[in-house]
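Q: Input: one structure, supplied below.
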Amino acid sequence: MGDERLLLRARLTQNKASLRKMDLRADTHIRTIRETLDPLLGKHFTELDMEAAKVAFDDFYELWLEGKALKELIDKQEQALE
């Protein structure tokens, strides 16, 4: 039983590190989207670089799905260790 708990703790630590990296990537996507679609730039909406915003948003959406699943896994792993 001790080896299983040790292995689960190691996986949990690895998953938390992966989620922290995802947080940094998400922040980058959010900044990119905000900067691209900034209404304070005074541009007409037809002049916005929607292609760049869409690529960033699509990547961010995929990251969000991965992060959500990973967070659920981390929660289950933490509960199993209680």
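Numbering of the sequence shown is given in our numbering, commencing with residue 7 and proceeding in unit increments.
Virtual Cβ for every residue (Gly too), placed ideally from N, Cα, C.
Does DSSP put H50 in a helix, a strand or coil?
A: If you number the sequence shown from 1, residue 50 lands on position 44. If DSSP states are grouped into helix, strand and coil, H50 belongs with coil.
Q: Helix, strand or coil for E84 per DSSP?
A: Translated into the one-based positions of the sequence shown, residue 84 becomes position 78. E84 falls in the helix class under three-state DSSP.
Q: Thinking C-alpha only, which one of T52, E88, A86, L69 is nearest R4?
A: Because the chain spans 7 through 88 in this model, residue 4 falls outside it and cannot be assessed.
Q: Does the beta-carbon distance from A16 to T42 come in below 9 angstroms?
A: To locate residue 16, count along the sequence shown from 1; it is residue 10. To locate residue 42, count along the sequence shown from 1; it is residue 36. Their beta carbons are not under 9 angstroms apart, which means A16 does not touch T42 by this criterion.
Q: Tell me which same chain residues have a C-beta within less than 8 angstroms of the C-beta of A86, skipping the five on either side of it?
A: In the sequence shown, counting from the first residue as 1, residue 86 sits at position 80. So the list reads L14, once near-sequence residues are dropped.
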